[in-house]
Each structure stands twice: as structure tokens, then as C-alpha cells.
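Going from the sequence shown to our numbering is simple: count from 1 and add 622. Structure first, commentary second.
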Amino acid sequence: MFFLDVILSTILIRVVLGVLVAYRGLLRFIFLSAFLALVVYASRQLQLALTSLLVLALTIPVALLLLTTIVPEVKRLSQAVLSGRLFWARAVPENLISSITSAVMEMGRQRLGALLVFCQRDDVKPLLSGGEEILAAPNKSLLLSLFNPKSPRHDGAVVIEGGQLIRIGAVLPLASAEGVHEEWGTRHLAAAGLTGQCDAHVMVVSEERGVISYAAGGELRSIHPATEENVRAAVVEALGLSVDHKRRMRRLFFEGFLWTVALFLSISGSYTATQLTNWLKNEPVDIRSFNADVRIVNLPPDLYVDDLKSTSCSVFLRIPRTTRFFGVPNLAVTVDLAKYPPGPVTVNLSRQMLGNIEWEVDHFEPTQLKFQLVKSRTTELTLKPMLLGLRPELRARRVRVTPETIQVDVRSTQWRDSVLETAPIDLSSVTAPGNYNFNAQVIVPAAIRYNHGTDKVPVRVQVEISPR
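This is the structure in C-alpha cells:
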């Protein structure tokens, strides 16, 4: 199992390292967040009042800065995952290379000015302005129509990423005009300006002379002679399919370095995790008992719990002796009865029923809860007034309760009564015969449930008092 753990964790770590290398904004975000967390921790531990105030004041600006740093990288990463370019390069069809090659050569022959941007790893969108986002395959006829002088977007650049045309009519940043060749125009300055700020490659077709040029790393070179073989080689390089021997060896070395780092981190991490787990298992602990209430949740309204021996249980927690112990908050075991049908129910108590607690659970007492889920029955109860304190020389000749009956759901197998008395009504203030009205309440016992959902039913009692 140790070797399987190492293999799987090595692969995962290698993926993470590759993502951090390819999307360096994420790496900067992690370093900046760690630095800020270290500053906050140090200011609190060392009680640095001024530093703490400054950190508090800079919380919102720094949070906004971090968001602006991380959002573009997360977007790039999500696009790479969705397009399948995170772990392997997307295959570029052969007809795409031929289409772009043929289109560029045709534009050179017709002297159609053109700018074709080929995205590599860096996100070029923040460097572009204007234009329109589309999604299409860059075939020959489409490219020729886009750079036709009568096209409204012919002065801008087209952007190709992952073998797809994603933007047309884009405006590129210009390079400085100092020390450039006299034959360079605005398109050449734009190609040098963009490639000097990111790793994109740009192909340029001169409108005046029909010369095809290639820009990468801020440097521009003419493709001469502009044969199909030379133009095709430039297109292949722009699409990221051509790598010279030196770059290939450097890439292989870097790839091996990343795998070595991943393997080292995996072995050391797996060993450390194993040792830590064994230490935690063997760490001296005290097993302490705590009382926990049993809470029934999601009980269907037409069912009730019967024959539950106790509404509490004992929870035994494994608390390390090295831990500072300040007591445990009120514990509660939550029992969800949403999916239980009527009948006998046995619930095994588990750690998940306690919610979020810091320590490991050793066991419960009792380990199970046993009870009955019974379907409630609807019945009608007669209300009877309870009269107290009437003088001996007087008697209650006629008594009327409004309402006379109530409809309830009986939620106990022990309930057999058909009459429910009101709360005591004090008649000691009655001194003469006559008709009297009293407001009273009927207290609904826990064994039944009034359909209106209350445990107190207001009633009106009319009493006719006569002499004996």
C-alpha cells in the first residue's frame, strides 16, 4: 500500500507542479497569500500594534489585488481543462496547417495586409483591445475574406488558439518605432509589440510589398524565399508543433526535474503522514464520558416516536493528554427519521450524528436506539370545564363550553381518554345567582397534537348559577 500511495501521490503532485509552472499567476497568488498570512500571524504573536492596524487597514485592498491576480489564471486553467490541454497538447489536424499556409501565401500574392496571432501559453487577451470574439475553424476562405480590404475588420488581427479562431479585428500593442527597419509598417510594429510582452507568435503579411514575416520574442524576421515549404514550417512553429533539439532537451530535463521533485515530495510526505498517523494512534489519551441529548429530526407529521427508553445517551471521547482541554459544548446526537417507515426502528449511533467535534469518538452507550414509529390516529375529544371555589349555597345549574369538542391526533398507544378538561376556573368571586362567562384554556398534553399546531386551546365557558 505504501508504493501505491507513493505512485498516486507522485502523479497528483506532478500535475499540481505542472499547473503552477504553466500558470505562474497561481504561484504568485500562493506566495503572496502565504506571506500575508505569515505577517498576520507574526503581528498577533509578537503583539505588534501598528503592524496589526496596517494589516487590518490593507485587508480589503489586498483582497482585491489577490482577486485580480488569481481570476485570469483560474479562467485560463478552466479553459485548459475544458479544452483538454491541461495534461496533453490538443492535436492539430493536418488540413488546418495546409489551410493557414495556403491562405498566408495567397494573401502575400494578392498583397493583402494581414496579422495572425498564434497563442501559446500566456494569456494574450489582456494585451488586446477592440475586435470581436468568435469561434470558428480558420480555413482559407474565411481568412481571405476577413483580410479583404472591403471587410470592416481587415485592419485588425485574428487570434488563433488551440486550432480555433477566437477573435477577429483585434488591436495589438505597438513596439517603439526607434531603430526599426524603414520598410516596417504598423502591422510589423504591432507584431513586435505583442510578442515582446508575451510568448505568442505572429505572422505578418505586408500590404505594400506582400512580404511574409514571422515574429516571436519581440523579434521580427522575413520569410525569404516565401516558398510553400518555408511558410508551412513557420505555420507549424507558430502552432507550437516544431521544437528544435536544444529546446527539446531543455524541456525533457525540466520535465524530469519536475517528476523528481514530485517523487521526493511524495515519498517524504507519505512517510511523514504514516509516522504522524502512528503517533496519533499511540498517543496517550484519556477516554472521557459526556452526556448527549437525542434529537429527532425530519419526523413525518403523521408519525410519532413511541417506546423510546431515553432521550439522552453517553458519548465517550478520546482526548489526548497533551491537549488543552476547556470542556465540551453541549453535545447532541441527531437522528434523521425522514426515510424510516412505520414500525420497529433500530438506529446505530455513529460519529456523523454528533456533527463537528474536535476529538475522536471511542464509543456510545447505548450503541443503539430502539423505538417504534407509529402512525397517529385522529379522534375527537369532548371539552369539560373544571370549576373550583363555588360557594356552598350556590350550584352550577348549566355549563356550556365553546367549542364543545376539538379534533386531535393521538400520538401515544397509552392514550384512551375521550374527555379533555380545561384549566381550573375559579368561581370564588361569584356571590349571587345569574349567568356568567369565563375565558379559559385547554392545555394539550404531549401525547396528543392539536391540528392547529398549538399546545393551548382557548375556550369560552358559560355558567348558569342558581341557589341550592
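Just so you know, even glycine gets a beta-carbon here, dropped at the ideal spot from N, CA and C.
- Of the candidates Pro923, Ser1050, Ile1028 and Leu1049, the residue whose Cα lies closest to the Cα of glutamate 1043 is Ile1028.
- Comparing C-alpha distances from asparagine 761 to each of Leu749, Leu688 and Ser724 shows the shortest one belongs to Ser724.
- Boundaries of the beta strand (DSSP E) around glycine 1056: 1056 to 1065.
- The straight-line gap separating the alpha-carbon atoms of lysine 961 and aspartate 924 is approximately 13 Å.
- The residues Val907, Ile909, Trp981, Glu982 and Asp984, in chain order, have a CB closer than 7 Å to that of arginine 940 in the same chain once the five nearest residues on each side in sequence are set aside.
- Annotation: the continuous beta strand (DSSP E) that includes leucine 738 extends over 736 to 740.
- Comparing C-alpha distances from valine 677 to each of Leu750, Ser892, Ala659 and Val696 shows the shortest one belongs to Ala659.
- In this chain, the beta strand (DSSP E) harbouring leucine 1042 covers 1041 to 1048.
- With fewer than three CB-CB distances shorter than 8 Å, the stretch 763 to 774 does not count as touching the stretch 832 to 850.
- For valine 853, the uninterrupted alpha helix (DSSP H) segment begins and ends at 850 to 860.
- With a cutoff of 9 Å on beta-carbon distance, glutamate 829 and isoleucine 790 are scored as not near each other.
- If you compare the alpha carbons of Leu953, Ile889 and Val827 with that of leucine 626, the shortest gap goes to Ile889.
- In the DSSP assignment, serine 911 falls within the beta strand (DSSP E) that extends over 907 to 919.
- Per DSSP, the unbroken alpha helix (DSSP H) holding serine 674 starts and ends at 671 to 679.
- When secondary structure is reduced to three states using DSSP, histidine 985 falls in the strand class.
- C-alpha of leucine 680 to C-alpha of leucine 749: approximately 29 Å in a straight line.
- In this structure leucine 765 is buried. Its beta-carbon is surrounded by 16 or more other beta-carbon atoms within 10 angstroms.
- Of the other Cβ atoms in all chains shown, fewer than 16 fall within 10 Å of the Cβ of tyrosine 663; this residue is therefore exposed.
- Between the stretch 952 to 967 and the stretch 1007 to 1026 there are fewer than three C-beta pairs closer than 8 Å, too few to call the two in contact.
- Across the set Val1085, Ser665 and Ala855, the C-alpha of Ala855 shows the shortest separation from the C-alpha of isoleucine 834.
- Taken through DSSP and simplified to helix, strand or coil, leucine 1009 comes out as strand.
- In summary, threonine 817 is buried, with 16 or more beta-carbon neighbours lying within 10 Å of its beta-carbon over all protein chains present.
- Here the stretch 991 to 1011 makes contact with the stretch 1039 to 1056; the two share three or more CB pairs at distances below 8 Å.
- Residue nearest to arginine 1071 within the set Trp1037, Gly862 and Asp958 is Trp1037 (criterion: CA-CA distance).
- For valine 726, no beta strand (DSSP E) segment is defined; the enclosing uninterrupted segment is the alpha helix (DSSP H) at 716 to 732.
- Taking the Cα of arginine 973 as reference, the smallest distance to any Cα among Lys992, Tyr836, Ser720 and Val937 is reached at Val937.
- Non-local C-beta neighbours of serine 751 in its own chain, meaning closer than 6 Å and more than five positions away in sequence, comprise Val793, ordered along the chain.
- In the displayed model, alanine 822 falls within coil according to three-state DSSP, outside both helix and strand.
- Around the beta-carbon of valine 919, fewer than 16 other beta-carbon atoms lie within 10 Å, marking it exposed.
- In this structure, leucine 991 and valine 969 form a Cβ contact; the two beta carbons are roughly 5 Å apart against a cut-off of 8 Å.
- Judged by DSSP in its simplified three-state form, arginine 999 adopts strand.
- Its Cα nearest to that of aspartate 745, the residue Val696 stands out among Gly640, Ser720 and Val696.
- Non-local beta-carbon contacts of leucine 688 in its own chain, meaning distances under 7 Å to residues more than five positions away in sequence, involve Phe651, Leu654 and Ser655 in chain order.
- When Ile633, Pro1080 and Val1032 are compared, the shortest CA-CA separation from leucine 1003 is found for Val1032.
- Under DSSP, the beta-bridge partners assigned to aspartate 1031 are Thr1000 and Arg1071.
- Sequence-distant Cβ neighbours of tyrosine 1058 in its own chain, meaning closer than 7 Å and more than five residues away, are Val1052, Val1085 and Ile1087.
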